[in-house]
Each structure stands twice: as C-alpha cells, then as structure tokens.
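These notes are about the structure you will find just below.
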Amino acid sequence: LATQLHSSHQTIVKLSQTAAFGGKEVIIIGGPCAVESLEQMEIVAQKLSAAPVQALRGGVYKPRTSPYAFQGMGEEGLAVLAKVRSRYNIPVITEVMSISQIEVVAAHADMLQIGSRNMQNFDLLKALGQAGKPILLKRGLAATIEEFVMAAEYILSHGNPDVVLCERGIRSFDNYTRNVLDLGAVVALKQITHLPVIVDPSHAVGKRELVAPLAKAAVACGADGLIIECHPEPEKSVSDARQALSLDDMVSLVDSLKPVAVAV
Ligand code: PEP
Ligand code: MN
Numbered sequence: 006l007a008t009q010l011h012s013s014h015q016t017i018v019k020l021s022q023t024a025a026f027g028g029k030e031v032i033i034i035g036g037p038c039a040v041e042s043l044e045q046m047e048i049v050a051q052k053l054s055a056a057p058v059q060a061l062r063g064g065v066y067k068p069r070t071s072p073y074a075f076q077g078m079g080e081e082g083l084a085v086l087a088k089v090r091s092r093y094n095i096p097v098i099t100e101v102m103s104i105s106q107i108e109v110v111a112a113h114a115d116m117l118q119i120g121s122r123n124m125q126n127f128d129l130l131k132a133l134g135q136a137g138k139p140i141l142l143k144r145g146l147a148a149t150i151e152e153f154v155m156a157a158e159y160i161l162s163h164g165n166p167d168v169v170l171c172e173r174g175i176r177s178f179d180n181y182t183r184n185v186l187d188l189g190a191v192v193a194l195k196q197i198t199h200l201p202v203i204v205d206p207s208h209a210v211g212k213r214e215l216v217a218p219l220a221k222a223a224v225a226c227g228a229d230g231l232i233i234e235c236h237p238e239p240e241k242s243v244s245d246a247r248q249a250l251s252l253d254d255m256v257s258l259v260d261s262l263k264p265v266a267v268a269v
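Numbering-wise, UniProt numbering puts 10 at position 5 of the sequence shown, and it's gapless, one number per residue.
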C-alpha cells in the first residue's frame, strides 16, 4: 500500500545514476511549461545543468484549457528533449496524457508526469503500472489527500513501485494566487505514505514573484524535491508565462537552496 506499512520504510525513486527522490538530497527539476523549440531547450539545458538542477522538465503534450491554445509539439518535442538529454547528460521529465502516448514518451524520457487533470484517469494509471519508468503523479485540482494516495495506489498495485507524489496547489475561493499551496498535505503525505513527495510552487501560486519563498517553505516542510517553471524569455512563454522564472532567477533560487538541499 502507498500508505505507510512501517513508519521506517521510505521508497527511493531513482532518477539517474546520481540522483534519487526520497533520499537525503532535495531534487530540483526546472524548465519551461512547454517545449517550444530546440533553441529554447538548448539555452535552458545549458544554464540549468550548470546550476545544477537534477532534471529538466518541458511539456510536449499539453493539457490546455482551450482547445484553440497551443497543444504542445508532440513527438517533435520529444526529439528535442532527447537531444538535450544526451547533449547535457541530464534526465528529462514530460507529461503523458493518454495510454497511447506512454510507449513513445517512455522511449525518450526518464520520468513520466501525470498531470492534475488526469490524476483520476484510472485506466491511464493502471497502464502506468507497466510503463517501466518512474512516475511523477500530480495532485488533482480538487483531490483530497485520500483520493491522491489511492491514485498512487493504482499505479503501485499494477506493477510500478516508482511513484513520486507532487503537491501543486488546490482550488479555493481566492484566485489572487492561481491555487493554494497545501503544505499541510506535504507534511501529511510524508507521514502517511512511504513515497517521495515533491512540490510545484509554480502552478500553486501562478505568479513568478511568489515562487521562490514557497519553494523554500516546501523544503522546510520536508519536501523531497521541487519542480519549477522557468524560461529564457518568461513573458514570451507560450503557456504559463505569468509564473515562469527567468533562468537567472532560477539559478539564484537553486543557489539559495544549496545550504538546505541536503535533508537533515
Ligand atoms: C504542468 O506541469 O505544466 C502542468 C500542466 O501541471 P498541472 O497538471 O499540475 O496543472
Ligand atoms: Mn505549466
């Protein structure tokens, strides 16, 4: 069960030869909301691999509110991710929206992200049991902790033990911040499950000037990692522009976390 059987057990999810979720190190994942071009991802990879972050993110299949908005580069974007992955020797994480995308994404990425909108897509969760790659499961927009844990359970019970939970903010009455970051859930999930728990402050607050303090708060609460959106030209991001950090601000944030990036 995803819920803790023995309080001492902690699942370690390996990301690469040197990085794993659930150990002492706080894992930082950075990159744009969406992969837009090879040039964009080259700039991101060069800057962030030196920061360093432990993995790059970038969506190629994008779950957009409007069907008329940019839907992602698809397989062309996967080729871009594969290029920077090998050129910079850094793991990449990208979202899978349907069962039919699992195979091709698993062939190009080190970890598959399941977005909030698919947290309870049970057929997709079952299929991830055989994906052969670690899964980053994001909390649904209005999912309870119980529902979140049981969604993870679908993946575990279908054969894949490598699941990382991601708190990314939940809907509430106030839209000044895009969502409300539920740090209580982070602490609770650490206590009641044996799975690593990371935090996405970008989608939680939706405003770049609020991202860094919440990233630090997440680490203070015991998060095993962070996933943060950043872009070479934040205002020009094709999606989630308002929450994207500049690459310089991302590097500063990584620097500021170095003293606490090893859990005690
Ligand atoms: C994303 O990571 O770009 C994303 C769409 O996140 P979420 O599923 O948390 O909204
Ligand atoms: Mn996004």
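By construction, the Cβ of each residue, glycine as well, lies at the ideal position given by its N, Cα and C atoms. Bear in mind the structure is a predicted one, so any value in this text is a computation, not a measurement.
Thinking residue i and residue j are a contact (beta carbons under 8 Å), I'd like their distance in whole angstroms, please.
i, j, result
"LEU20", "GLY36", "Not quite, the Cβ-Cβ distance comes to about 14 Å (not below 8 Å), so this is no contact."
"VAL125", "GLY145", "Per the sequence shown, residue 125 should be read as Gln rather than Val. Their Cβ separation, rounded to whole angstroms, is 6 Å, which keeps GLN125 and GLY145 in contact under 8 Å."
"PHE26", "ASP205", "No, PHE26 and ASP205 are not in contact; Cβ-Cβ is about 14 Å, not under 8 Å."
"LEU6", "GLU158", "7 Å"
"GLU30", "VAL210", "Wrong, their Cβ atoms sit about 24 Å apart, outside the cutoff."
"LEU83", "HIS113", "4 Å"
"GLU80", "VAL109", "6 Å"
Within 10 angstroms of its Cβ, does residue i collect 16 or more other Cβ (buried), or is it exposed?
i, result
"ILE17", "exposed"
"ASP179", "exposed"
"PRO218", "exposed"
"TYR73", "exposed"
"GLN22", "exposed"
"SER207", "buried"
"SER121", "buried"
"GLN51", "exposed"
"GLU100", "buried"
"VAL269", "Annotation note: pLDDT 44 at VAL269 (below 50); position unreliable, no value reported."
"ASP260", "exposed"
"LYS241", "exposed"
"GLY174", "buried"
"SER105", "exposed"
"GLU41", "buried"
"GLN248", "buried"
"PRO68", "exposed"
"ALA24", "buried"
"GLY64", "buried"
"GLY77", "buried"
"LEU263", "Looking at the sequence provided, one finds Lys at residue 263 rather than Leu. The residue is exposed, with fewer than 16 neighbouring Cβ atoms inside 10 Å."
"ALA39", "buried"
In the DSSP output, what is residue i paired with across the bridge?
i, result
"SER251", "HIS236"
"LEU117", "THR99 and ILE140"
"GLY230", "ILE32 and ILE203"
"THR8", "THR198"
"VAL267", "GLU30"
Decide yes or no for the touch test of the segment 152-165 against the segment 55-71: beta carbon pairs closer than 8 Å, at least 3 of them. no
Assess, as a yes-or-no matter, whether the segment 7-22 is touched by the segment 231-243 under the definition of 3 or more beta carbon pairs within less than 8 Å. no
Can at least three beta-carbon pairs, one atom from the segment 159-171 and one from the segment 199-212, be found at a separation below 8 Å? yes
Sequence ranges, beta strand (DSSP E) only - wholly within the segment 158-222, length at least 3: 168-172 and 202-204
At least 3 beta-carbon pairs within less than 8 Å: the segment 86-93 vs the segment 40-47: yes
What alpha helix (DSSP H) runs, 4 residues minimum, are completely inside the segment 15-101? 43-55 and 80-93
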